[in-house]
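Going by numbering that gives the first Met the number 0, the residue at position 131 of the sequence shown is 130; the numbering climbs one at a time, nothing skipped.
All residues carry an ideal CB built from backbone N, CA and C; glycine is no exception.
Note that this is a predicted model, so its numbers are computed, not measured.
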Amino acid sequence: MSTVTARLAELGIDIPDVAAPVAAYVPAVIHGDLVFTSGQLPFISGALPATGKVGDGHGLVPAADAKDYARTAALNALAAVKSVLGSLDRVTRVVKVTGFVASAPEFTGQPGVINGASEVLGEIFGDAGIHSRSAVGVAVLPLDSPVEVEIIVSFA
């Protein structure tokens, strides 16, 4: 069986450096054999690629773009996990994903958006990446981010 590090290389995925907290919290906490991440925004090189609400129409973030941002946020969550474990090879299972989508009032496609996070975790961890999940629509997220993702993983 290949390691997570080898799988990331096969997929051409680079885990970014952990994002610095924007308030009074830490990126991840270990409790027992679980790592709980704080909500991660889709920062790329320290900046959000887009801001605003997700939906269809002028001035809104398209759902397909938001799905890509959820993927990025999940990779940022893995960076938080790596920051406390030292290596993602220690992860034995993705237990839970919670995704938040800043949604226009009529938007109901939150599950499709958060699939961006779920799918990349499945690509990276295989069967161990299959997880429970919540996809929640909210009025606004920190820094006007369109998405935020937090994860819980088990490790050995």
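Sub-7 angstroms separation of Val173 and Ala76 beta-carbons: What the structure shows of the chain is the stretch from 0 to 155, and residue 173 is not part of that stretch, so it cannot be assessed.
Ile151, DSSP secondary structure in three states: strand
Spatial distance of Leu140 from Val96 (CA atoms): 17 angstroms
Cα-Cα separation between Asn114 and Leu10, rounded to whole angstroms: 18 angstroms
Cα-Cα separation between Phe106 and Leu40, rounded to whole angstroms: 20 angstroms
Endpoints, the alpha helix (DSSP H) within which Phe35 is located: Per DSSP, Phe35 belongs to no alpha helix (DSSP H); it is in the beta strand (DSSP E), Leu33 to Thr36.
Under 7 angstroms between C-beta atoms of Arg89 and Val119: no
Terminal residues of the alpha helix (DSSP H) in which Glu137 lies: Going by the sequence as given, residue 137 is Val instead of Glu. First-last for Val137: Ser131 to Val137, but that is the beta strand (DSSP E), not the alpha helix (DSSP H).
Top-ranked residue by Cα proximity to Gly56, from Ala103, Asp67, Glu122 and Val146: Ala103
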